[in-house]
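For the protein sequence lines, the chains are W and P, in the order given. Letter by letter, the first sequence follows residues 1 to 356 of full-length UniProt numbering. Letter by letter, the second sequence follows residues 1 to 321 of full-length UniProt numbering. Quick reminder that beta carbons are idealized off the backbone N, C-alpha and C, glycines included. Report on the following structure.
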Amino acid sequence: LSKHGITRAAGTAVRTEEARQQQLRDIDAYKELVDLITERQYTLEVLGLVTKLLKQNPEYYTIWNHRRRVLNALFSSDTADGSSKHGVNDLLQNDLQLTFALLRQYPKCYWIWNHRNWLLETAESQRGADMGHQLWSGELLLVNKMLGADSRNFHAWSYRRFVTAQIERLTPHTEGQASRSMTDSEFEYTSSMVKSNLSNFSAWHHRSKIIPRLLNERDADAEARRALLEFELALICEAINTDPFDQSIWFYHQYLMTTLSPNCPSQDRIVLDLSNGDRQQYYENEMRYIREILEDEEDCKWIYEGLLFLAGAYLEVDSGTKVFTTADMRSWLKHLKRLDPLRKGRWDELGQRLDL
Amino acid sequence: MSLVSGPGRGVASLPAETRLVVDKHVRYVQSLDTRKDELEYWLTEHLRLNGLYWGMTALHLLGHPDALPRKGILEFVFSCLHESGGFGAAPGHDAHMLYTCSAVQIIATLDAFDELEAHMQDGRRKIGQWIARLQDPETGTFAGDEWGEMDTRFLFNAFLSLSLMGLLDLVNVDKAVQHINSCANFDGAYGTSPGAESHSGQVYTCVGALTIAGRLDLVNQERLGAWLSERQLKNGGLNGRPEKTEDVCYSWWVMSSLAMINKLHWIDGEKLTAFILGCQDPDLGGLSDRPGDMVDVFHTHFGIAGLSLLKYPGLAEVDPV
Chain W
1 LSKHGITRAA
11 GTAVRTEEAR
21 QQQLRDIDAY
31 KELVDLITER
41 QYTLEVLGLV
51 TKLLKQNPEY
61 YTIWNHRRRV
71 LNALFSSDTA
81 DGSSKHGVND
91 LLQNDLQLTF
101 ALLRQYPKCY
111 WIWNHRNWLL
121 ETAESQRGAD
131 MGHQLWSGEL
141 LLVNKMLGAD
151 SRNFHAWSYR
161 RFVTAQIERL
171 TPHTEGQASR
181 SMTDSEFEYT
191 SSMVKSNLSN
201 FSAWHHRSKI
211 IPRLLNERDA
221 DAEARRALLE
231 FELALICEAI
241 NTDPFDQSIW
251 FYHQYLMTTL
261 SPNCPSQDRI
271 VLDLSNGDRQ
281 QYYENEMRYI
291 REILEDEEDC
301 KWIYEGLLFL
311 AGAYLEVDSG
321 TKVFTTADMR
331 SWLKHLKRLD
341 PLRKGRWDEL
351 GQRLDL
Chain P
1 MSLVSGPGRG
11 VASLPAETRL
21 VVDKHVRYVQ
31 SLDTRKDELE
41 YWLTEHLRLN
51 GLYWGMTALH
61 LLGHPDALPR
71 KGILEFVFSC
81 LHESGGFGAA
91 PGHDAHMLYT
101 CSAVQIIATL
111 DAFDELEAHM
121 QDGRRKIGQW
131 IARLQDPETG
141 TFAGDEWGEM
151 DTRFLFNAFL
161 SLSLMGLLDL
171 VNVDKAVQHI
181 NSCANFDGAY
191 GTSPGAESHS
201 GQVYTCVGAL
211 TIAGRLDLVN
221 QERLGAWLSE
231 RQLKNGGLNG
241 RPEKTEDVCY
251 SWWVMSSLAM
261 INKLHWIDGE
271 KLTAFILGCQ
281 DPDLGGLSDR
291 PGDMVDVFHT
301 HFGIAGLSLL
311 KYPGLAEVDP
321 V
């Protein structure tokens with residue numbers, strides 16, 4: 001129904017009658033399994049059947065629901081008779097192992113991530129906050145593994161955000177507020193991710209979300225805020241120099257520029273006390289740097305786009321600048337249209353907006 | 001141009017298709033429910049109602065609305081309806097927002113709310129209430145089902161279904177709108193939840209929901225338009241987010257979003273059309289995610305919907321939302 005990346009040749013071989021008969025047998029076995037599960041009681045045996053079916057088809061969401069019904073029944077029967085919680089632990093561990101294995105195979109399957117999430121929440125409600133803290137901390141390892149395998153997996157990033165929030169929630173209040181927060185470590189995580197791979201849009205994005213929180217938690221004063229901005233600008237400018245054709249880097253650069261705009265909402269700002277003079281200075285610096293890169297790289301559309309973006313931003317705070325001329329802007333626009341004809345409609349409008 | 005080649009050739013030697021092979025696609029969609037002797041058919045039962053919606057809509061867009069029998073469609077749709085008012089993917093499958101939305105879309109397209117009433121008394125309202133119960137009163141977003149996964153996809157599903165049934169007042173629209181706003185990123189685009197990375201699919205759902213709520217004023221249309229326009233790659237196809245490969249289904253998610261903010265002209269429509277046409281299987285019908293890959297009804301539907309937005313001749317007009 002929804003196939004990605006499977007070549008056409010793979011499916012067009014005509015089936016032999018033998019192959020067709022085998023498929024019919026497979027279909028019967030599959031349907032029988034489904035019937036067994038939906039007819040039977042909430043027992044360990046059924047759990048085993050569910051496992052079998054889910055391994056064959058992890059997208060069968062109704063069966064995941066059923067698995068949770070079975071587990072819930074087993075959990076409550078275990079505690080109802082007052083026996084040890086040993087059974088609950090085993091069941092949880094078993095499912096953690098199952099979902100881990102399935103996630104490695106199907107890292108983008110919503111239903112598996114959902115079930116894992118439910119397991120953790122259930123474990124916490126069954127076993128208490130200490131166990132919960134332990135388990136959620138363990139989830140960070142899982143997420144690191146998944147992001148190590150695919151740093152763009154948004155399921156993993158979403159889960160990461162959720163997991164860090166749970167760890168923060170469960171860290172004992174005996175520790176100071178500052179050490180309870182994971183913002184610093186998350187910021188470091190994005191640093192290491194972009195260091196190992198500059199072209200990681202997901203990591204840059206995550207970083208852009210952490211920065212406002214970081215500044216608030218550190219209670220950053222004006223000086224500290226400027227220091228951070230300058231650090232980020234230096235970081236991203238070096239990245240641009242390393243690979244000017246990488247769009248992720250330019251997007252992050254644009255993020256930093258948007259924090260300078262007078263229109264930027266206060267909660268998104270990095271520096272809170274910018275004067276128009278300050279803004280001009282920042283825009284000038286960036287333009288100067290990017291124009292230097294232009295000398296070595298004449299055919300990079302991002303550079304021209306970046307310059308026009310800065311020019312537009314600059315003109316909003318100072319219409320009478322001498323840093324660049326209208327002729328400069330016209331030239332950049334011309335190059336942009338030459339290098340990026342796909343988006344001609346957009347560039348035409350940009351030219352109109354900038355009165356070029 | 002060159003003759004169509006048979007299936008099984010490598011990508012490199014497939015010539016660009018220069019026209020939409022309508023009849024092949026119609027027959028392809030019609031054949032889908034006949035393949036009950038393939039295991040794949042059963043392994044995808046959890047998507048059946050979605051698949052029916054995609055197939056049926058493709059046929060309507062292609063100008064062949066009667067190629068699948070109305071009675072059969074509605075029979076199947078109603079067989080997925082639970083007492084609770086939610087729909088499952090197929091008979092016996094649990095109710096979920098994703099399938100409920102497809103069901104309502106099908107019923108609306110076929111103008112079959114009377115038939116719904118005949119099948120279940122007060123059906124429209126029951127469905128509306130099932131949907132409304134899934135709104136999280138704290139955040140304003142929606143869960144997919146009783147198990148609680150929250151995602152802006154479900155928010156859109158809810159808005160779309162309820163607005164088609166004239167029942168949007170059953171939910172807290174403002175709160176939901178606030179939630180969408182909290183999912184906006186600096187690039188003007190949207191993610192699955194607050195803090196999530198921008199993704200074309202989520203842009204469609206978020207901007208679609210805002211359109212339904214009449215709150216496009218909240219969108220940074222300049223920046224969003226820019227982000228969306230960058231989805232077009234040199235081969236003319238569109239990707240879902242930066243540094244990813246093209247996929248014909250983004251012809252819909254990206255283009256409809258651009259249409260909603262009146263910036264369709266920010267990408268090259270001709271090159272995209274050529275790309276979509278190149279995704280056809282000229283022999284068996286249907287479209288695939290990219291040229292040379294296996295076709296399926298999901299990509300068939302979204303490729304054709306994309307072509308309709310691009311005003312490809314002969315196709316029925318599609319509403320971007």
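Original post:
Just checking my contact of V104/P with G285/P at CB under 8 Å: how many whole Å lie between their CB atoms?
Top reply: With a Cβ gap of about 28 Å, V104/P and G285/P do not count as contacting.
Original post:
According to the neighbour-count rule (16 or more other Cβ atoms, all chains shown, within 10 Å of its Cβ), is A118/P buried or exposed?
Top reply: exposed
Original post:
Would the beta-carbon of I270/W fall within 8 Å of that of H253/W?
Top reply: no
Subject >> Contiguous alpha helix (DSSP H) assignments of at least 4 residues, all confined to the stretch 227-279 of chain W >> reply: 247-258
Original post:
Given H25/P, which residues of its chain have a CB within under 8 Å of its CB, disregarding the five upstream and five downstream residues?
Top reply: A58, L62, Q280, G285, G286, L287, T300, I304
Subject >> Chain-ordered neighbours of S208/W on chain P, where CB pairs are closer than 8 Å >> reply: N185, F186
Original post:
For the candidate residues I212/P, S102/P, G195/P, L264/P, whose alpha-carbon lies nearest to that of W227/P?
Top reply: L264/P
Original post:
Distance, Cα to Cα, L102/W vs K55/W?
Top reply: Near 7 Å, if we compare the C-alpha coordinates of K55/W and L102/W.
**OP:** Determine the burial state of D94/P: buried for a count of at least 16 other Cβ atoms within 10 Å of its Cβ, exposed for fewer.
**Re:** buried
**OP:** Going by CA-CA distance only, name the one from T190/W, T164/W, V317/W that's closest to G138/W.
**Re:** T164/W
**OP:** Take the Cβ of S13/P as the centre, count every other Cβ of all protein chains shown within 10 Å, and call the residue buried at 16 or more, exposed below.
**Re:** Low per-residue confidence applies at S13/P: pLDDT is 43, beneath 50, and the placement is therefore not dependable, though the value from the model is reported in the following sentence. When all chains shown are included, S13/P counts as exposed.
Original post:
Would S202/W count as contacting chain P if we go by Cβ distances under 8 Å?
Top reply: yes
**OP:** Examine chain W for any beta-carbon lying closer than 8 Å to the beta-carbon of W130/P, and answer yes or no.
**Re:** no
**OP:** Using a Cβ-Cβ cut-off of less than 7 Å, list which residues of the stretch 293-314 of chain P approach chain W; keep chain order.
**Re:** Cβ contacts with chain W: D293, M294, D296, V297, F298.
Subject >> Residue environment, A129/W, which counts as buried when at least 16 other CB atoms sit within 10 Å >> reply: exposed
**OP:** Would you decide whether R160/W is buried or exposed? Buried here means 16 or more other CB atoms lie within 10 Å of its CB.
**Re:** Counting C-beta atoms within 10 angstroms of its own C-beta, R160/W has 16 or more neighbours from the protein chains shown and is therefore classed as buried.
Original post:
Can the beta-carbon of D150/W be found less than 8 Å from the beta-carbon of L198/W?
Top reply: no
**OP:** Over the uninterrupted alpha helix (DSSP H) stretch that includes G351/W, give me the two end residues.
**Re:** 344-353
Original post:
If you drop the 5 nearest sequence neighbours on each side, which residues of the same chain put their C-beta closer than 7 Å to that of Y250/P?
Top reply: If we look at Y250/P and ignore the five residues flanking it on each side, its Cβ neighbours are S200, R231, L238, N239, G240.
Original post:
When you compare each of A189/P, Q221/P, W54/P, Y312/P to F298/P by their alpha carbons, which one comes out closest?
Top reply: W54/P
**OP:** Just the C-alpha distance for M182/W and E298/W, rounded to the nearest angstrom, thanks.
**Re:** 42 Å
Original post:
Mind checking if E270/P is an interface residue toward chain W, Cβ cutoff 8 Å exclusive?
Top reply: By this cut-off, E270/P is not an interface position.
Subject >> Coil, strand or helix - V297/P by DSSP >> reply: It is helical.
Original post:
Terminal residues of the continuous alpha helix (DSSP H) containing P242/P?
Top reply: Careful: P242/P lies outside any alpha helix (DSSP H) and carries neither H nor E.
Subject >> Closest Cα partner of A203/W within the set C206/P, A196/P, C183/P, Q30/P >> reply: A196/P
Original post:
Going along chain P, which residues have a C-beta under 8 Å from C157/W?
Top reply: Correcting the residue identity first, residue 157/W is Trp in this sequence and not Cys. Within chain P, the residues near W157/W are A196, E197.
**OP:** For D35/W, count neighbouring Cβ atoms within 10 angstroms of its own Cβ and tell me buried if that reaches 16, exposed if not.
**Re:** exposed
Original post:
What whole-angstrom Cβ distance do R67/W and V88/W have, given they're in contact under 8 Å?
Top reply: About 15 Å separates the two Cβ atoms, so there is no contact after all.
Original post:
At a Cβ cut of 8 Å, what residues of the stretch 319-350 of chain W count as close to chain P, listed as they run along the chain?
Top reply: Residues passing the 8 Å Cβ filter: P341, L342, R343, K344, G345, R346, E349.
Subject >> Secondary structure of A89/P, DSSP reduced to three states >> reply: Reduced to three states, the DSSP call for A89/P is coil.
Subject >> Residue of W147/P, D114/P, N262/P minimising C-alpha distance to T211/P >> reply: N262/P
**OP:** Report all residues from its chain with a CB closer than 7 Å to the CB of residue 384/W; omit the five preceding and five following residues, and keep chain order.
**Re:** Lying outside 1 to 356, the shown extent of chain W, residue 384/W is not represented and no answer is given.
**OP:** Consider the Cβ of G92/P: report whether some Cβ of chain W lies at a distance smaller than 8 Å.
**Re:** Yes, its Cβ sits closer than 8 Å to a Cβ of chain W.
Subject >> Those residues which DSSP pairs with A7/W across a bridge >> reply: One point to set straight first is that residue 7/W is Thr, not Ala, in the sequence displayed. Note: T7/W sits in a beta bridge opposite D293/P.
**OP:** Can you pull the chain W residues whose beta carbon is under 9 Å from the beta carbon of Q232/P, in chain order?
**Re:** Scanning chain W for C-beta atoms nearer than 9 Å to the C-beta of Q232/P yields L342, R343, reported in chain order.
**OP:** List the whole-angstrom C-beta distance separating A90/P from E45/P, where the pair is believed to meet the contact cut-off of C-beta under 8 Å.
**Re:** 5 Å
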